[in-house]
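Using numbering that gives the first Met the number 0, you'd call the opening residue of the sequence shown number 0 and step up by one each time.
Each residue gets a CB set at the ideal place from its N, CA and C atoms; glycine is no exception.
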Amino acid sequence: MNTFHYLLAALLSASALTASAQKLVGGDISLLPSYEEKGAKYSDHSGNAIPSLLPYLRQQGWNAMRVRLFVDPANATDEEKRQGVAQDLGYVKSLTKRIKDEGFKLILDFHYSDTWADPGKQWTPSSWLQLDDAALGERLYAYTKDALLQLKDAGACPDYIQTGNEISFGMLWGARQTQANRCYTNSPTANWNRFTSLLSQATKACREACPEAKLILHSERSCDPTVLLDFLSRMQEAGVDYDVLGLSYYPYYHGSLETLSSTLSQVEKTHGDKKIMIVETGYPAHWAIGGSTYDFSSTYPYTDAGQKKFTDNLIATLHRHDNVTGLFWWWPEANEYGINWQDAVTSNWYNSTLFDNETGRAYSALTELRLFADGQTGISAPTATRTTPIRAARYNLLGMPLAQPRGIYIMGGKKILGQ
0 MNTFHYLLAA LLSASALTAS AQKLVGGDIS LLPSYEEKGA KYSDHSGNAI PSLLPYLRQQ
60 GWNAMRVRLF VDPANATDEE KRQGVAQDLG YVKSLTKRIK DEGFKLILDF HYSDTWADPG
120 KQWTPSSWLQ LDDAALGERL YAYTKDALLQ LKDAGACPDY IQTGNEISFG MLWGARQTQA
180 NRCYTNSPTA NWNRFTSLLS QATKACREAC PEAKLILHSE RSCDPTVLLD FLSRMQEAGV
240 DYDVLGLSYY PYYHGSLETL SSTLSQVEKT HGDKKIMIVE TGYPAHWAIG GSTYDFSSTY
300 PYTDAGQKKF TDNLIATLHR HDNVTGLFWW WPEANEYGIN WQDAVTSNWY NSTLFDNETG
360 RAYSALTELR LFADGQTGIS APTATRTTPI RAARYNLLGM PLAQPRGIYI MGGKKILGQ
């Protein structure tokens, strides 16, 4: 057996390891059906019409999608509905079935609320408000399990499940404006015990209904390591079950890439057994985001090129952290082009979309995101070669960059045999 055959045998035996190490890249496209229903017109960067967005994103190297689920969005306020609160179980079953049929991995994001659940609001669903904590845990368990079983029956079993959205300070606080059940660093122990008990009911339901799925614990403290590490330590002490730390990272809210990288390093050092995913990110290509706390426009102008530069630098930062295995753009599908603006999908444009609301054209960052996956989104058969283009990035089978190509390596999405 010659060297080539030995290497080919090694490649085949390592295929399972390669698959398990696959990086995920995609976006939260929870409003796609609403844009489609209103008649949004999408096109690629050159202006060519995109007849169907999901197949196009697959062609661009995306391999995973994220979708949120509200308990009963009919109970949201009119303003919240105009912001995109619409995803009940029927809506989600239809969308996630399409996602799975197209070959994407699926993250299901439980918002355990009738409306947005985030650090500033984790309001208990209206129909659960009269339950005491014990009954609330039982209801949470039953709801989570039923929703997942319905998705399985619909052919849309999630591959990853978020048990709550941005829950650094707890969840299911109570009625709107309730303060008592929040979980800050100095909150009473009873608050944390209540929170972790509820969370454990959700994770139990997930393990029973979808035992193959990985569980994501979601925090937005991506640039606040003191609070994040305290949160993770409390989860560890309480025995909360999860596989992946999901982080939201918006530079205009959270801070610099350097701060993000420092936080990731500290998490890898103290909780190295957990994978990490950036489950929400974004950056403007046209206008600033309202309420921004940081302005990076001198480094990343609000242009197509500036958005692409941010994306490139974010990917380069994440590649320095072995535990980071996922990158998802939030609300990439936002696009009001072709829609009657008097009957728009949302009350305001989302400025960090990956499509130009005025032309429907894709921004460059959409295609650039594929680089995060290191060529693992559609690797073809090995090819023997003695030369390598100087500018092409090369990686080993685990996705790590190579200075010199030897043996079988990955370049441009293909397995190459170096000589």
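Report task. Rounded to whole angstroms, what's the CA-CA distance from T184 to N192? Just pull it up for me. Result -> The sequence position of residue 184 within the sequence shown is 185, counting from 1. The sequence position of residue 192 within the sequence shown is 193, counting from 1. So the two alpha carbons sit approximately 13 Å from each other.
Query raised in the report: Can you name, in chain order, every residue of its own chain whose Cβ lies under 6 Å from the Cβ of L368, other than the five neighbours on each side?
Result: On the sequence shown, position 369 is the one that residue 368 refers to. If we look at L368 and ignore the five residues flanking it on each side, its Cβ neighbours are V24.
Requested in this report: Examine the Cβ distances between the region 134 to 141 and the region 54 to 63 and report whether three or more of them are shorter than 8 Å.
Outcome: no
Query raised in the report: Quick one: what does DSSP say M170 is sitting in, helix, strand or coil?
Result: Sequence index remark: in the sequence shown, residue 170 carries index 171 (1-based). Coil, per DSSP.
Query raised in the report: Opposite M276 in the DSSP bridges: which residues?
Result: Counting from one through the sequence shown, the residue named residue 276 turns up at place 277. M276 is bridged to G245 and G325.
Query raised in the report: How far does the beta strand (DSSP E) with K96 in it reach, from first residue to last?
Result: The sequence position of residue 96 within the sequence shown is 97, counting from 1. No beta strand (DSSP E) holds K96; the alpha helix (DSSP H) holding it covers L88 to D100.
Query raised in the report: Would the beta-carbon of N334 fall within 8 Å of that of G305?
Result: As a working mapping, residue 334 is identified with position 335 in the sequence shown. As a working mapping, residue 305 is identified with position 306 in the sequence shown. No. Outside cutoff.
Query - Identity of the residue in D158, L197, G46 and N190 nearest A208 by Cα - result: Translated into positions along the sequence shown, residue 208 becomes position 209. Ranking D158, L197, G46 and N190 by Cα distance to A208 puts D158 first.
Query raised in the report: Do V239 and L256 come within 8 Å of each other at the CB atom, strictly closer than that value?
Result: Counting from one through the sequence shown, the residue named residue 256 turns up at place 257. Counting from one through the sequence shown, the residue named residue 239 turns up at place 240. Contact: no.
Query raised in the report: Cα-Cα, which of D117, Q161 and I288 is closest to K203?
Result: Mapped onto the sequence shown, residue 203 falls at position 204. Closest by alpha carbon: Q161.
Query raised in the report: Straight-line CA distance for S264 to Y252?
Result: Within the sequence shown, residue 264 is the residue found at index 265, counting from 1. Within the sequence shown, residue 252 is the residue found at index 253, counting from 1. Rounded to whole angstroms, S264 to Y252 spans 20 Å at the Cα level.
Query raised in the report: So the beta strand (DSSP E) G25 belongs to, where does it begin and stop?
Result: Translated into positions along the sequence shown, residue 25 becomes position 26. First-last of the beta strand (DSSP E) with G25: L23 to D27.
Query raised in the report: Would you say the region 86 to 97 touches the region 172 to 188, given that touching needs at least three Cβ pairs under 8 Å?
Result: no
Query raised in the report: Alpha carbon to alpha carbon, what distance is there between D100 and A153?
Result: On the sequence shown, position 154 is the one that residue 153 refers to. On the sequence shown, position 101 is the one that residue 100 refers to. The straight-line gap from Cα to Cα measures roughly 11 Å.
Query raised in the report: My guess is that Q82 and T262 are in contact by the Cβ rule of under 8 Å, so how many angstroms apart are they, rounded?
Result: Within the sequence shown, residue 82 is the residue found at index 83, counting from 1. Within the sequence shown, residue 262 is the residue found at index 263, counting from 1. Incorrect: roughly 28 Å between the Cβ atoms, too far for contact.
Query raised in the report: For S221, which option in L317, F109 and T352 has the closest C-alpha, if you only look at C-alpha atoms?
Result: Taking the sequence shown and counting its residues from 1, the one referred to as residue 221 is at position 222. The shortest Cα separation from S221 among L317, F109 and T352 belongs to L317.
Report task. Please classify K268: is it buried, with 16 or more other beta-carbons within 10 angstroms of its beta-carbon, or exposed? Result -> Here residue 268 is taken as the residue at index 269 of the sequence shown, counted from 1. The residue in question, K268, is exposed, as its Cβ has fewer than 16 Cβ neighbours within 10 Å.
**Report entry** DSSP beta-bridge partners of K213
**Finding:** For this step, residue 213 is matched to residue 214 along the sequence shown. Per DSSP, Y159.
Query raised in the report: What is the residue span of the beta strand (DSSP E) that D108 lies within?
Result: Sequence index remark: in the sequence shown, residue 108 carries index 109 (1-based). Segment K104 to F109, the beta strand (DSSP E) holding D108.
Query raised in the report: Out of curiosity, what's the CA-to-CA distance linking A372 and I49?
Result: Against the sequence shown, residue 372 aligns to sequence position 373. Against the sequence shown, residue 49 aligns to sequence position 50. Computed Cα separation, rounded: 23 Å.
Report task. Apply the 10 Å Cβ neighbour rule to A212 and answer buried if 16 or more other Cβ atoms are within range, or exposed otherwise. Result -> The sequence position of residue 212 within the sequence shown is 213, counting from 1. Classification for A212: buried.
Requested in this report: May I have the straight-line CA-CA distance separating L326 from T310, to the nearest angstrom?
Outcome: Along the sequence shown, one-based indexing puts residue 326 at 327. Along the sequence shown, one-based indexing puts residue 310 at 311. Approximately 11 Å between the Cα atoms of the pair.
Report task. On a CA-only basis, which of T352, F109, L128 and N47 is nearest P283? Give me that one, please. Result -> The residue given as residue 283 occupies position 284 in the sequence shown. Nearest C-alpha to P283: T352.
Query raised in the report: Whose C-alpha, out of T324, Y349 and W328, is nearest the C-alpha of Y336?
Result: Within the sequence shown, residue 336 is the residue found at index 337, counting from 1. When only C-alpha atoms are compared, the closest one is Y349.
Requested in this report: Specify, as a first and last residue, the run of the beta strand (DSSP E) that L67 falls within.
Outcome: The sequence position of residue 67 within the sequence shown is 68, counting from 1. The residue you asked about is not Leu; residue 67 is Arg in the sequence shown. Per DSSP, R67 belongs to the beta strand (DSSP E) from A63 to L68.
**Report entry** Exposure of H110, with buried meaning 16 or more beta-carbon neighbours within 10 Å
**Finding:** One-based indexing of the sequence shown puts residue 110 at position 111. So H110 ends up on the buried side.
Query - Start-to-end residues for the alpha helix (DSSP H) that takes in R138 - result: Taking the first residue of the sequence shown as position 1, residue 138 is located at position 139. Unbroken alpha helix (DSSP H) run through R138: D132 to D152.
**Report entry** Simplified DSSP state of K40, which is helix, strand or coil
**Finding:** The residue labelled residue 40 in the question sits at position 41 within the sequence shown. The answer is coil: DSSP assigns K40 none of H, G, I, E or B.
**Report entry** Candidates R57, R65 and Y90, of which the one nearest P32 by Cα
**Finding:** Against the sequence shown, residue 32 aligns to sequence position 33. Taking only the C-alpha atoms, the option nearest P32 is Y90.
**Report entry** Beta-carbon contacts of T302 that lie in its chain and below 8 Å, excluding the five residues immediately before and after
**Finding:** As a first step, residue 302 is located in the sequence shown; it is residue number 303 there, counting from the start. Counting only Cβ-Cβ distances below 8 Å, and skipping sequence neighbours, we find A284 and H285.
Query raised in the report: Alpha carbon to alpha carbon, how far is T76 from N347?
Result: Counting from 1 along the sequence shown, the entry for residue 76 is found at position 77. Counting from 1 along the sequence shown, the entry for residue 347 is found at position 348. One C-alpha to the other measures close to 16 Å.
Query raised in the report: Excluding five sequence neighbours on each side, which residues of the same chain lie with their C-beta closer than 6 Å to the C-beta of Y362?
Result: Against the sequence shown, residue 362 aligns to sequence position 363. So the qualifying residues of the chain are A284, D303, Q306 and L353.
Requested in this report: Pull up the distance between the alpha-carbon of K37 and that of I338, whole angstroms please.
Outcome: Start at 1 with the first residue of the sequence shown, and residue 37 comes out as number 38. Start at 1 with the first residue of the sequence shown, and residue 338 comes out as number 339. Distance between the alpha carbons of K37 and I338: 6 Å.
Report task. Round the Cβ separation of R67 and D108 to the nearest angstrom and send it over; I've been treating them as touching at under 8 Å. Result -> Here residue 67 refers to the residue found at position 68 when the sequence shown is read from its first residue. Here residue 108 refers to the residue found at position 109 when the sequence shown is read from its first residue. With 8 Å as the limit, R67 and D108 qualify as a contact, their Cβ atoms being about 4 Å apart.
Query raised in the report: Where does the unbroken alpha helix (DSSP H) through P250 begin, and where does it stop?
Result: Locating residue 250 in the sequence shown gives position 251, counting from the first residue. Start and end: P250 to H253.
Query - Same chain, Cβ closer than 7 Å to V84, five either side skipped, listed in chain order - result: One-based indexing of the sequence shown puts residue 84 at position 85. Only F69, P72, A75, T114 and W115 meet the Cβ criterion.
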